[in-house]
Amino acid sequence: MTGLIALFAGHRNACNLLLALMVVSGIYGLLKLNSQFLPEFGIDRVTVAVEWPGATADDVYSNISQAIEPEVRFLDNVKRVKALAYEGLARVNIEFEPGNDMQAALSSVEAAISRIRTLPEDSKTPEISRVVRHETLMQVILSGPYPDTSLRKFAKQLRDGLLDRGVDKVTLVGAPDEEIHVEVPSAALRRLDLTLSSIAARIGNASQDLPSGDLGDGQRQVRSLGLLTTARALGEVEIKAYEDGRKVYLRDIAQVREAHDEQGVTVYRNTWQAVELRIQRAVSSDALLQARAVESYLDEVEPTLPANLVMERYDATTNLLKDRINLLIKNGTGGLVLVTLILITFLKVRVAFWVMAGIPASLMATFGVMLATGQTLNMVSLFGLIMAIGIIVDDAVVVGEHVDTRSRFAPPLQASIEGARRMAVPVIASALTTISAFLPLFVISDVIGQIIAAIPMVVIAVLIASLIECFLVLPGHLRGALAHSRPSARSLGTRYRSWFDGHFATFRDGPFRSFVRACVDWRYATLAVAAGLFLLVLGMVAGGRVGFTFFPSPEPDKIFANIQMVPGTSRAKTREMLAELDRALHAAARKLESSPGSLVQTSVGKIGTFVGQDPAAAANDAPADNIGGLIAELLTADRRKVRVQALIGAWNAEIRPVAGLDNLTIREERGGPPGKDVDVRLIGNDVHSLKKAANELK
């Protein structure tokens, strides 16, 4: 180590070249690093979904779930199998061990499902998919006094435009699939000696696109375009032909009408039906670049929308990422200013400058290391960088101060080498101690471990970069700074230095020395005071004076209200309760806010699903007419005076429940890993006993 320090301190350009390499690698890393909300992590899960229209949940479980579970439970590396049965739908989640090859796992599940021969004949083909994470960038609401068909049309045009701009994924919520319903009276079936399956086969044969070969040398392909997409076209399908030339068409025996799936999720904004566009990015895409593309396109489209068609944006997660980046810049700039002022107070100006320059140099080198190790700029890694800023200052200050002290008795080159060499052991030991404190975070498993691993990776990268800067870059610059530091005895800096050093020496050799000597002389009393303070802290924690929060959350900006009506409730009744929630929310906000309309920015209601769930839990829920939720997005916490809990209390007081309401929950958005604080799972063979036990547990 001493030889390297001497080499870089004595060479005129070595330290400058290394500094330039650190800065250039950092700039390149900043340009290439992906920005995203959370670190990359994999979901080791495969989902099997089977629809069985008209079947009860018990029938679905006994005929489908119990047929699938034994086939997939004993596949290689399966960690857990969870089967969910709803009316008309079976869903089986197969979770694999972390680090498993998920493409091979998907193939093994597909092979296992293909071996099942006992599924009901009228059940649909099993849908097997691997759970792939897409990060939500923002959500866009289209609403207005338009029929749902027009809203779907506008939403699909907007979706296609976003995809053309390079957005990875846009999901429409509240735009149910379009369907064509064919209703054939039983009398017509008997009269013509037909069955529903034979009519369905004729419709299928008549409505399809087929390749029809090629022409000439094969450079021109022929395709038969026969897909029927309207009720009128479907009505012209020939169902039966007689020998005398008479033909029976579908329109002659059936009612053919266009409709849409009424069992999906319906979205409302104010009093209007709406369509929500959930804009997401893939793992490999840059969140900030995608967000800029989305904002640019929406700004272009908004002036061209029809009158009274309102487009609103909410739940923009990239705003949180931008705020964290701004916080890093703000903290870094403020830290540099404070460190510079303090260093100038105690050290020579040139020495203070090079010590201060080590902070941005170490950070820049860290960005290069992050790129080389496959990391990203996200909320967690930025937190690690903010935390590490205070760590990297100490190393440069210690080395710089020791070199400055030795320069009073030795030439600049010797002072730089000796000062860095003397501090090498304690500074490296301190860095290794800090690294060892963060290493246990690497052994945390599952998704939370993959997320938290970004913190030790960033901190370790910062510490290594700081050590390189302290012992290979800083000594050479300090040698040059000390060699050119010959201020005049009459200069303002020299007079200030003499005045400050004299007063500081008086304080150090007077009160401070006396205090330290008293602590040493009364060492048992000092030890007793330290032990007493330690016990006091332990008592405050054990007694609950200092609270414990597993994952602290800042003041949130969103509130979620979920309702569950009694079974059998119509969508109209659930919509009535949602409208009451929306009314009560704005009434409570008007009582608390200083200016009208400033507290609640957006409120979006949904029927058929709960709101505020993590994506994994939401994917397991089947749409139902008797459930719904309301999302309220508030003014950001730094711009409002009303706390979320105060608004929730006022909101609860304003609600007038509609007849048939079974359950109502209102909660704020929470940070940290998804899921509830406590989950209780009851397992048994009898559903009725489980329901009774669950009600007693409540």
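Residue numbers (the working numbering): 41 to 738.
For each residue, glycine too, the CB sits at the ideal point set by N, CA and C.
Report task. State the beta-bridge partners of Q179 as determined by DSSP. Result -> Sequence index remark: in the sequence shown, residue 179 carries index 139 (1-based). DSSP lists R318, Y354 as partners of Q179.
Query raised in the report: For R85, which of L71, G66, E137 has the nearest alpha-carbon?
Result: Numbered from its first residue, the sequence shown carries residue 85 at position 45. For R85, the nearest C-alpha among the options comes from E137.
Report task. State the start and end residues of the unbroken alpha helix (DSSP H) segment that holds S147. Result -> Taking the first residue of the sequence shown as position 1, residue 147 is located at position 107. Segment 142-154, the alpha helix (DSSP H) holding S147.
Query raised in the report: Terminal residues of the continuous beta strand (DSSP E) containing L701?
Result: Counting from one through the sequence shown, the residue named residue 701 turns up at place 661. L701 -> beta strand (DSSP E) spans 701-708.
Requested in this report: For E135, write down the residues that DSSP places opposite it in a beta bridge.
Outcome: Along the sequence shown, one-based indexing puts residue 135 at 95. Note: E135 sits in a beta bridge opposite R85, R120.
Query - Residue nearest to A464 in terms of C-alpha spacing, selected from R230, R448, V437, G489 - result: Here residue 464 corresponds to residue number 424 of the sequence shown, with the count starting at 1. Of R230, R448, V437, G489, the residue nearest in Cα terms is V437.
Query - Where the beta strand (DSSP E) containing T742 begins and where it ends - result: Residue 742 cannot be examined here, being either before or after the span of the chain that is shown, 41 to 738.
Query raised in the report: How many Å lie between N418 and L368 at the Cα?
Result: Your numbering for residue 418 matches position 378 in the sequence shown. Your numbering for residue 368 matches position 328 in the sequence shown. The alpha-carbon separation between N418 and L368 amounts to approximately 12 angstroms.
Query raised in the report: Just the Cα atoms here: how many angstroms apart are A322 and S75?
Result: Walking along the sequence shown from the start, residue 322 turns up at place 282. Walking along the sequence shown from the start, residue 75 turns up at place 35. Between A322 and S75, the C-alpha separation is close to 12 angstroms.
Report task. Compare the C-alpha of Y674 against each of E111, A664, E708, V132 and name the closest. Result -> Locating residue 674 in the sequence shown gives position 634, counting from the first residue. According to the sequence shown, residue 674 is Leu rather than Tyr. Taking only the C-alpha atoms, the option nearest L674 is E708.
Query - For G128, the residue or residues it bridges with in DSSP - result: Your numbering for residue 128 matches position 88 in the sequence shown. None, per the DSSP bridge assignment.
Requested in this report: Output the boundary residues of the alpha helix (DSSP H) element that contains N602.
Outcome: By 1-based counting over the sequence shown, the position of residue 602 is 562. Here N602 belongs to no alpha helix (DSSP H); instead the beta strand (DSSP E) covers 598-605.
Requested in this report: Mark Q330 as exposed unless 16 or more other C-beta atoms lie within 10 angstroms of its C-beta, in which case mark it buried.
Outcome: For the purposes of this step, residue 330 is identified with residue 290 of the sequence shown, where counting begins at 1. When all chains shown are included, Q330 counts as buried.
Query raised in the report: Apart from the five residues just before and just after L518, which ones in its own chain have a Cβ nearer than 7 angstroms to its Cβ?
Result: The count along the sequence shown starts at 1 and reaches residue 518 at position 478. Contacts found: V391, W394, G440, V443, S456.
Query raised in the report: In chain order, what residues of the same chain lie with their CB nearer than 6 angstroms to the CB of R120, ignoring the 5 residues before and after it?
Result: In the sequence shown, residue 120 corresponds to position 80, counting from 1. Once the five neighbours on either side are set aside, the close Cβ partners of R120 are E135.
**Report entry** Alpha carbon of G520 to alpha carbon of I488, nearest angstrom
**Finding:** As a working note, residue 520 is residue 480 in the sequence shown. As a working note, residue 488 is residue 448 in the sequence shown. So the two alpha carbons sit approximately 48 angstroms from each other.
**Report entry** Assumed close pair A624, E694 - CB separation to whole angstroms, cut-off 8 angstroms
**Finding:** Numbered from 1 along the sequence shown, position 584 holds the residue referred to as residue 624. Numbered from 1 along the sequence shown, position 654 holds the residue referred to as residue 694. Confirmed, about 4 angstroms.
Report task. Would you check if the distance between the CB atom of R293 and the CB atom of R242 is smaller than 9 angstroms? Result -> Along the sequence shown, one-based indexing puts residue 293 at 253. Along the sequence shown, one-based indexing puts residue 242 at 202. Going by the sequence as given, residue 293 is Ile instead of Arg. Taking 9 angstroms as the Cβ cut-off, I293 and R242 do not qualify as a contacting pair.
Query raised in the report: Can the beta-carbon of L317 be found less than 9 angstroms from the beta-carbon of Q179?
Result: Along the sequence shown, one-based indexing puts residue 317 at 277. Along the sequence shown, one-based indexing puts residue 179 at 139. Cβ distance < 9 angstroms, so L317 and Q179 count as in contact.
Query raised in the report: Just the Cα atoms here: how many angstroms apart are L328 and M351?
Result: Locating residue 328 in the sequence shown gives position 288, counting from the first residue. Locating residue 351 in the sequence shown gives position 311, counting from the first residue. Near 21 angstroms, if we compare the C-alpha coordinates of M351 and L328.
Query raised in the report: Which of helix, strand or coil does DSSP assign to Q303?
Result: As a position in the sequence shown, residue 303 is number 263, starting the count at 1. Q303 sits in coil when the DSSP states are folded into three classes, being neither helix nor strand.
Query - Three-state secondary structure assigned by DSSP to Y564 - result: Against the sequence shown, residue 564 aligns to sequence position 524. Here Y564 sits in helix by DSSP.
Report task. Could you tell me if R679 is buried or exposed, where buried requires 16 or more neighbouring beta carbons within 10 angstroms of its beta carbon? Result -> Taking the first residue of the sequence shown as 1, we reach residue 679 at position 639. By the neighbour-count rule (16 or more Cβ atoms within 10 Å), R679 is not buried but exposed.
Query raised in the report: Between the beta-carbon of K193 and the beta-carbon of L212, is there less than 9 angstroms?
Result: Position 153 of the sequence shown, counted from the start, is the residue given in the question as residue 193. Position 172 of the sequence shown, counted from the start, is the residue given in the question as residue 212. Result no, Cβ atoms of K193 and L212 do not sit closer than 9 angstroms.
Query - Cutoff 6 angstroms; reference P166; Cβ partners in own chain excluding five residues on either side - result: Locating residue 166 in the sequence shown gives position 126, where the first residue counts as 1. Excluding positions up to five away in sequence, the list reads V88, V90, I153.
Query raised in the report: R332 by DSSP, collapsed to three states: which one?
Result: Within the sequence shown, residue 332 is the residue found at index 292, counting from 1. If DSSP states are grouped into helix, strand and coil, R332 belongs with the helices.
Query raised in the report: Leaving out five residues before and five after G258 in sequence, what residues of the same chain have Cβ atoms less than 6 angstroms from its Cβ?
Result: Working through the sequence shown from its first residue, we reach residue 258 at position 218. Low confidence applies to G258: its pLDDT is 49, below 50, so where it sits in the model is not reliable enough to give any reading.
Query raised in the report: By DSSP, does K646 sit in helix, in strand, or in coil?
Result: Taking the first residue of the sequence shown as 1, we reach residue 646 at position 606. Strand.
Query raised in the report: If we call anything under 9 angstroms between Cβ atoms a contact, is A107 one with L159?
Result: Here residue 107 corresponds to residue number 67 of the sequence shown, with the count starting at 1. Here residue 159 corresponds to residue number 119 of the sequence shown, with the count starting at 1. Yes, they are a contact pair.
Query - Local Cβ density within 10 Å of H800, reported as buried at 16 or more and exposed below that - result: What the structure shows of the chain is the stretch from 41 to 738, and residue 800 is not part of that stretch, so it cannot be assessed.
Report task. Give the secondary structure of H221 by DSSP, where H, G and I count as helix, E and B as strand, and everything else as coil. Result -> As a first step, residue 221 must be located in the sequence shown, where it is residue number 181. Secondary structure of H221 (DSSP, three-state): strand.
Query raised in the report: Is it a yes or a no for the segment 331-340 touching the segment 569-583, going by three-plus beta-carbon pairs under 8 angstroms?
Result: Fewer than three pairs of CB atoms, one per stretch, sit closer than 8 angstroms, so the segment 331-340 makes no contact with the segment 569-583.
Query raised in the report: Does the beta-carbon distance from G424 to V498 come in below 9 angstroms?
Result: For the purposes of this step, residue 424 is taken as the residue at position 384 of the sequence shown. For the purposes of this step, residue 498 is taken as the residue at position 458 of the sequence shown. Cβ distance < 9 angstroms, so G424 and V498 count as in contact.
Query - Helix, strand or coil at D726 [DSSP, three-state] - result: To locate residue 726, count along the sequence shown from 1; it is residue 686. Residue state, collapsed to three classes: coil.
Query - Boundaries (first-last residue) of the beta strand (DSSP E) holding V288 - result: Position 248 of the sequence shown, counting from 1, holds the residue named residue 288. V288 -> beta strand (DSSP E) spans 287-289.
**Report entry** For L687, three-class secondary structure by DSSP
**Finding:** As a first step, residue 687 must be located in the sequence shown, where it is residue number 647. Reduced to three states, the DSSP call for L687 is helix.
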